[in-house]
Structures are given as structure tokens and as C-alpha cells.
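Visitor: Structure in C-alpha cells, see below.
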Amino acid sequence: MRALFLAPVLILFGGFFVYPFLFTLYASLTRWSGIGAMRFIGLGNYVRLFKDATFLLAMKNNIIWALSHGFIQVPLAALVAMILLRKPKGWRFLRTAYFLPNVISTVALTMVWSSLYNVQFGLINEFITKVMGRAPVNFLGNPDYALGAVIFQAVIYIGYFMIIILAAGMNIPKELYEAAEIDGASTLQQERFVTLPMLRGTFVTAITLAMAYGVRHFESTYLMTGGGPAYATTTMGIDLFLKMDALRYAEASAVGVILILSGTGLIVLLRRVFGKSDPMSEMAQ
Amino acid sequence: MAKKNRFASFVAHGLKWLVLGSLLFVALFPIVWLFVNSFRSNLELQITSFALPERWLVENYQKALQMASLPRLFLNSATASGFAVLLNVLVSSLAGFVLSREVFKGRDLLYTVITAGVLIPIIAFMVPYFSLISRLGLYDTLLALVLVYAAVNIPVSMFLITSFMRSIPKELEEAAIIDGCGFAQRYTKIIFPLSQSGLVTAGTFCFIYSWNDFIMAMLLTTGLKSRTIQLGIRFFTSQFITDYTAMFAAIILTMIPSVVAYMFLHNRIISGLTAGAVKG
Chain A
0 MRALFLAPVL ILFGGFFVYP FLFTLYASLT RWSGIGAMRF IGLGNYVRLF KDATFLLAMK
60 NNIIWALSHG FIQVPLAALV AMILLRKPKG WRFLRTAYFL PNVISTVALT MVWSSLYNVQ
120 FGLINEFITK VMGRAPVNFL GNPDYALGAV IFQAVIYIGY FMIIILAAGM NIPKELYEAA
180 EIDGASTLQQ ERFVTLPMLR GTFVTAITLA MAYGVRHFES TYLMTGGGPA YATTTMGIDL
240 FLKMDALRYA EASAVGVILI LSGTGLIVLL RRVFGKSDPM SEMAQ
Chain B
0 MAKKNRFASF VAHGLKWLVL GSLLFVALFP IVWLFVNSFR SNLELQITSF ALPERWLVEN
60 YQKALQMASL PRLFLNSATA SGFAVLLNVL VSSLAGFVLS REVFKGRDLL YTVITAGVLI
120 PIIAFMVPYF SLISRLGLYD TLLALVLVYA AVNIPVSMFL ITSFMRSIPK ELEEAAIIDG
180 CGFAQRYTKI IFPLSQSGLV TAGTFCFIYS WNDFIMAMLL TTGLKSRTIQ LGIRFFTSQF
240 ITDYTAMFAA IILTMIPSVV AYMFLHNRII SGLTAGAVKG
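First to last, the protein sequences are chains A and B.
Counting from 0, one number per residue, gives the positions in the first sequence under numbering that gives the first Met the number 0.
Counting from 0, one number per residue, gives the positions in the second sequence under numbering that gives the first Met the number 0.
This is the structure we're talking about:
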């Protein structure tokens with residue numbers, strides 16, 4: 000009976016997680032165009048990838064994404080969360096509103112942002128030309144601006160990290176703030192000496208998650224620039240998809256393996272470096 | 000001294016609302032802009048892309064519905080996400096029941112392995128998914144999307160549902176066993192009905208993912224018979240080339256299901272998210 004109840008999940012998990020993982024791992028060691036048999040060749044695809052300028056560019060962009068996620072998005076989210084923790088008027092509404100972009104499809108949002116960035120009729124260029132009196136900027140079409148433009152667009156997703164930090168912040172015992180206030184700590188000092196240290200563990204979690212999302216970044220950039228212009232905004236995910244499109248399935252699989260290793264490896268590594276030390280759990284003991 | 004303090008608190012307040020306001024602006028303004036422009040004429044849009052409509056044109060929405068086989072795309076998306084949610088919640092609740100209420104060797108390991116699936120970047124699986132779905136003869140079918148959407152959400156659903164089921168008191172089940180309830184009845188009569196709240200949370204996550212998905216639909220379908228709304232609006236640009244504001248109206252329509260789900264269930268979504276991440 001137990002087996003019968005577990006079977007459907009095991010079949011789906013096996014078919015769409017375990018099998019694909021092993022398949023990708025093996026396919027990455029072969030020569031294979033998607034049609035016909037795979038021929039085992041060893042690590043050749045990996046050697047080729049690390050000489051492949053496009054892939055190296057994708058990796059570099061993923062590192063930029065990971066850093067910007069971890070050290071721009073999370074700090075902004077933390078700032079908002081710390082303000083909302085003081086429960087200003089309408090904080091519940093604000094919490095819901097900040098998260099809203101996360102439930103709207105990337106297709107819809109990137110179509111809007113592409114319109115806003117558009118060089119002929121985009122609102123941002125309307126501002127630049129009419130108000131500032133400067134020449135219009137082709138944000139998504141100019142290799143110098145494109146990466147910055149897609150990274151800036153991702154700021155709309157800070158709501159996710161804000162919610163994580165906010166939830167942890169609400170668990171900080173009120174007594175700590177009361178004690179600090181009795182000791183004469185100002186609001187800023189309370190944030191500095193109570194909130195920040197109490198949330199250290201949560202920040203590590205949020206930064207780790209955010210960086211892992213940076214490594215797997217695909218959708219919004221693919222939809223806004225397709226990885227261009229001249230691969231300026233490409234990422235490993237986009238590189239994988241384009242290689243697949245060009246029937247280079249084995250190399251695409253090697254990119255997949257690197258994507259999995261760097262995505263999950265980053266999480267494990269950061270946990271090891273920063274430790275899981277969380278004042279909340281230490282206090283509970 | 001008092002004057003100085005008042006000034007400082009004024010500045011602090013100003014800074015606080017400046018931070019909140021500017022980030023809220025970046026997050027929400029594009030949606031407001033889209034909404035307002037979906038009621039304007041193309042001529043107005045050409046003059047300036049930032050103004051209220053002279054007259055609110057509901058016709059844009061009628062045009063959108065007629066031009067792009069939008070009803071068909073809606074139906075396809077609703078079918079794929081609806082069945083994906085049903086399948087995902089059903090299988091996760093069955094397995095969640097065993098993993099939360101039964102004791103056996105390897106149980107915790109199994110739970111850890113399944114929930115660790117969230118760490119996998121799904122885009123890394125584009126090659127095997129394409130190859131598997133093709134070999135199953137499911138390429139370009141809605142069934143392919145149902146299977147993939149249901150499967151991809153298993154780690155999240157298993158986490159949410161299993162932890163919810165763990166919180167149901169043992170006594171309820173023990174009473175049922177004394178009354179003669181067997182294994183299957185403990186699931187159908189006790190655990191399944193009592194975990195509805197957890198099932199709805201898991202289902203909501205699965206629905207929002209499925210409704211909004213672009214990558215899997217692009218990878219696994221090609222024709223109109225299985226084209227989802229997200230793929231459809233992506234290719235609107237060619238159909239609508241002269242009629243931007245009708246396209247904006249169409250995009251607004253596609254947002255409605257997931258935004259409505261969020262409006263009604265945002266508390267569950269927020270608590271579901273925090274349960275996962277804070278523990279993580």
C-alpha cells in the first residue's frame with residue numbers, strides 16, 4: 000500500500016529529475032546531435048567549452064548576475080524589509096504589492112519593459128530626449144548598455160527576498176528592542192545592534208538563494224534580448240538553449256552539467272563559508 | 000534640541016518613504032503604464048507614451064479577443080495548468096501522507112532527496128526533457144506540458160504538503176484506527192480532508208508556475224493546438240505590428256488569472272514562501 004501511494008511521485012520525480020540528471024551527465028560525455036546514437040568521447044565537450052568564447056562570456060555574465068542579485072537585490076530587499084518591520088501605515092499592503100511582479104508572467108513583464116526601453120517610442124527615451132534634451136539611448140540594442148538594462152529590470156523581483164527577510168525579522172523577540180530602548184539606543188542604533196545581527200543567518204540564506212538564481216538566470220534576458228546584441232547579455236542558460244537549437248546537443252548537455260554544479264555547488268559552498276550560524280537558533284538552545 | 004530632533008525625524012521619515020516609494024515605483028509602474036495604455040488609441044501612444052487616455056477605449060479589449068485566437072490560447076493554458084495542478088496535488092498528497100504519517104527505513108532520506116530537487120536549475124534539463132517528451136510521442140501536446148508542470152513542482156509541493164500533514168495531531172488518526180479505518184481510509188477520511196489548506200497552498204504555487212511558464216511551452220510545443228497564452232503573446236508582435244494598444248490589452252488579459260489567484264491567496268503564498276526559505 001505504501002509503495003502504491005509513493006509510486007506516482009517516484010515515477011514523476013524519477014522521470015523528470017533523476018533520469019534527466021543522469022541523462023545530461025552521460026550525454027555531456029558523448030558526441031551527439033540529437034538524432035541517432037550517442038558516441039562516448041570522454042571530456043572533449045568540456046575542453047571545447049572552456050575554449051568557447053561565447054560560453055566563457057555567458058559564464059562571466061552569470062557571475063555578474065549572481066553578484067548583482069546577491070549584493071544589489073538582497074540589500075535593497077533588506078532595506079525595505081527593515082522599514083516594513085517597523086510596521087508603518089499600510090505595511091501589509093506594501094508587502095503584497097512589492098511581491099506582485101513575482102506572480103506575473105515574465106513574458107508579459109518583459110514585453111512591457113522592452114516597450115519602456117524602446118529607442119523610438121519608449122517612455123525612458125521620451126524622458127531622455129524631451130526632458131533632458133539628449134540623444135536617445137538604444138538600451139537593449141547597444142552592447143554597452145544591454146547587460147545593465149536587463150540587470151536593472153530584475154530589481155522588480157526584490158519582493159521575494161523582502162518577504163523572506165521580513166518573516167525572519169518578525170520572529171525577533173520584542174524584548175530585545177525594549178531593552179535596547181531602555182539602554183538609550185536610537186532607532187538607527189537598534190537596527191544596527193539588534194536587527195542586523197539577529198538577521199545575519201537570514202541574510203546568508205537570502206544572498207545564497209539570490210546568487211543561485213543569478214547562476215540559473217535565463218528567462219527575462221532571453222525574452223528581452225535573446226542573449227544579444229553580439230552575445231553581450233548571454234548567460235549559461237541561453238547558451239545551452241542556443242547550442243541545442245544548433246543541434247549541438249552534447250555540448251548543450253555539458254553546459255547543463257556545469258549549470259547544475261555551479262548552481263547547487265554555490266549553495267553548498269556559501270553555506271560552508273558563512274556557516275549556518277543563526278543567532279535565533281543559538282538562542283533557542 | 001527638540002527642534003533638532005523634529006527635523007531629524009522629518010528627514011528620517013522622508014528618506015524612509017523615498018526608499019519605499021522609489022522601489023515600489025520600479026516594481027509597479029510598468030504594470031500601471033501597461034494598464035493605462037491598454038485603453039488608449041495608437042495615435043495617442045505615438046504622441047506620448049505617458050498620459051491618461053482621452054477616452055477609455057474598451058474596444059482595444061474586443062479587438063484583442065478577436066485578433067489573436069486569444070480564447071483558444073486561454074483554453075489551452077487553462078487546460079494545461081488546471082490538469083497539472085490536479086495531478087501535482089493528488090500525487091504529492093498521496094506520497095506526503097506516507098512520508099508524514101508512516102515510519103519506515105529510508106523515509107527521511109527519500110524526503111530529503113525529493114525536496115532537494117528545488118536546488119536543480121530546471122533549464123539545465125532542456126535537452127533531456129525535449130528528448131524524453133519526443134520519445135514518449137508527446138511533443139506538441141498539452142499532455143506533455145501537464146506532465147512537466149506537475150513534475151517540476153513536486154519538490155515544492157512535497158515540502159509544503161508533507162510539513163503540513165506532519166502538523167496534524169496523531170490522536171485523530173488513532174481514534175480512526177480504533178473505529179476500523181484501514182490505510183487508505185486514513186488518507187481519504189482523515190489526512191486528505193484535514194490538509195486542504197496545505198493542498199491549496201501547493202496548488203496555488205503550481206498554478207502560478209504553470210500559467211506563467213514560457214520556457215517549457217517554447218521547448219515542447221509548436222502548433223496552435225497546444226500553444227499556451229504565454230507563447231501566444233510572445234508572438235503577438237508580428238500579428239499586432241500596427242496595433243500596439245490592442246496588444247497591451249491582450250497582455251493585461253493574460254495577467255488576470257495569476258493576479259486574481261494572488262489577490263485571493265496572497266497570505267498563503269507569503270507564508271508558504273517563508274516556510275521554505277527560513278527553514279532552508
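Think of the CB as a built atom: it goes at the ideal place given N, C-alpha and C, for glycine as much as any other residue.
The model shown is predicted, which means the values in this text are computed figures rather than measured ones.
CB-CB under 6 Å to I157 (chain A), same chain, minus the five flanking residues each way: which ones, in chain order?
Guide: Excluding positions up to five away in sequence, the list reads Q72, L75 and A76.
Visitor: Can a CB atom of chain A be found closer than 7 Å to the CB of K15 (chain B)?
Guide: It does: the Cβ of K15 (chain B) has a partner Cβ on chain A nearer than 7 Å.
Visitor: Taking the straight line between their C-alpha atoms, what separation do you get for S280 (chain A) and L33 (chain B)?
Guide: At S280 (chain A), the pLDDT of 39 sits below 50, so the modelled position is not reliable and the matter cannot be decided from this model.
Visitor: Could you name the residues that DSSP lists as bridge partners for T29 (chain A)?
Guide: According to DSSP, T29 (chain A) bridges with A:F39.
Visitor: By the three-class DSSP mapping on this structure, what secondary structure does P256 (chain B) have?
Guide: Helix.
Visitor: In chain B, which residues lie with their C-beta within 7 Å of the C-beta of G35 (chain A)?
Guide: What G35 (chain A) touches in chain B: nothing, since even the nearest Cβ is about 12 Å away.
Visitor: Please name the residues in the region 109 to 127 of chain A whose beta-carbon is closer than 8 Å to at least one beta-carbon of chain B, in chain order.
Guide: Listed by position along the chain: M110, V111, W112, S114, L115, F120, G121, L122 and E125.
Visitor: Run through chain B and tell me which residues come within less than 7 Å of R215 (chain A), C-beta to C-beta.
Guide: The contacting residues are P120 and I122.
Visitor: Tell me whether S37 (chain B) sits in a helix, a strand or coil according to DSSP, three-state version.
Guide: DSSP places S37 (chain B) in coil when its eight states are reduced to three.
Visitor: Taking E218 (chain A) as the query, report the chain B residues whose CB atoms sit under 9 Å from its CB, ordered along the chain.
Guide: Simply I122, F213 and I214.
Visitor: Classify D178 (chain B) as buried or exposed, calling it buried when 16 or more other Cβ atoms lie within 10 Å of its own Cβ.
Guide: By the 10 Å Cβ count, D178 (chain B) comes out exposed.
Visitor: So, does the CB of P100 (chain A) fall closer than 7 Å to a CB anywhere in chain B?
Guide: Cβ-Cβ to chain B under 7 Å: yes for P100 (chain A).
Visitor: Which residues in chain B sit within 8 Å of A229 (chain A), going by Cβ to Cβ distance?
Guide: Chain B residues near A229 (chain A): none, gap ~22 Å exceeds 8 Å.
Visitor: CB-CB under 6 Å to N87 (chain B), same chain, minus the five flanking residues each way: which ones, in chain order?
Guide: Once the five neighbours on either side are set aside, the close Cβ partners of N87 (chain B) are A149, N152, S156 and C205.
Visitor: Please determine if the region 94 to 103 of chain B and the region 161 to 177 of chain B are in contact, where contact requires at least 3 C-beta pairs separated by less than 8 Å.
Guide: Enough Cβ pairs lie closer than 8 Å, so yes.
Visitor: Could you give the distance in angstroms between the alpha-carbon of A245 (chain B) and the alpha-carbon of N101 (chain A)?
Guide: Roughly 24 Å between the two C-alpha positions.
Visitor: Report yes or no: is there a C-beta of chain D within less than 7 Å of the C-beta of M243 (chain A)?
Guide: No chain D is present in this structure, whose protein chains are A and B.
Visitor: I'd like the list of long-range same chain contacts for F22 (chain A), defined as Cβ closer than 6 Å, with 5 residues on each side in sequence excluded.
Guide: Hits under 6 Å: none found.
Visitor: Looking at the C-beta of A80 (chain A), does it have a partner C-beta in chain B at a distance below 7 Å?
Guide: A80 (chain A) does not count as touching chain B.
Visitor: 7 Å is my cut-off, CB to CB: does H280 (chain B) come that close to chain A?
Guide: The shown model of chain B, from 0 to 279, leaves out residue 280 (chain B), and the question about it has no answer.
Visitor: Counting only the same chain and skipping the five closest in sequence on each side, list residues whose C-beta sits under 6 Å from that of Y97 (chain A).
Guide: Answer for Y97 (chain A): G158 and M161, listed in chain order.
Visitor: Could you give the residue range of the alpha helix (DSSP H) that holds F125 (chain A)?
Guide: Note that residue 125 (chain A) is Glu in the sequence shown here, rather than Phe. E125 (chain A) -> alpha helix (DSSP H) spans L122 to E125.
Visitor: For G236 (chain A) versus I269 (chain B), is the C-beta distance shorter than 7 Å?
Guide: Not closer than 7 Å, so no.
Visitor: Apart from the five residues on each side of it in sequence, which residues of its chain come closer than 6 Å, Cβ to Cβ, to T207 (chain A)?
Guide: Cβ within range, chain order: I266 and L269.
Visitor: Label I164 (chain A) either buried or exposed according to how many other C-beta atoms from any shown protein chain fall within 10 Å of its C-beta, with 16 as the threshold for buried.
Guide: So I164 (chain A) ends up on the buried side.
Visitor: Nearest by alpha-carbon distance to A80 (chain A): which of A:L195, A:M243 and A:L241 is it?
Guide: That would be A:L195, whose Cα lies nearest to the Cα of A80 (chain A).
Visitor: So, with DSSP's three-state summary, where would you put R191 (chain A)?
Guide: Correct three-state label for R191 (chain A): helix.
Visitor: Can you look up Q152 (chain A) in the DSSP assignment and give me helix, strand or coil?
Guide: Note: Q152 (chain A) maps to helix in three-state DSSP.
Visitor: When you compare each of A:T109, A:P7 and A:F39 to G225 (chain A) by their alpha carbons, which one comes out closest?
Guide: Considering only alpha carbons, the answer is A:T109.
Visitor: Just to confirm before moving on: does the CB-CB distance between T203 (chain B) and L144 (chain B) stay below 7 Å?
Guide: Not a contact, by the Cβ cut-off of 7 Å.
Visitor: Name the chain B residues that come within less than 7 Å of S252 (chain A), Cβ to Cβ?
Guide: Neighbours of S252 (chain A) on chain B, chain order: V126.
Visitor: For L239 (chain A), which residues in the same chain have their Cβ closer than 8 Å to its Cβ, ignoring the five residues on either side in sequence?
Guide: Hits under 8 Å: A251, V254, G255 and L258.
Visitor: Against F16 (chain A), what residues of chain B qualify as contacts under a CB-to-CB distance less than 7 Å, listed in chain order?
Guide: Residues of chain B passing the Cβ test: G116 and I119.
Visitor: Are the C-beta atoms of G183 (chain A) and some chain B residue less than 7 Å apart?
Guide: No, because no Cβ of chain B sits closer than 7 Å to the Cβ of G183 (chain A).
Visitor: Once you ignore the five residues that flank I167 (chain B) on each side, which residues in its own chain have a CB closer than 6 Å to its CB?
Guide: Closer than 6 Å at the Cβ level, and outside the excluded window around I167 (chain B), lie L193.
Visitor: Can a CB atom of chain A be found closer than 7 Å to the CB of P29 (chain B)?
Guide: By this cut-off, P29 (chain B) is an interface position.
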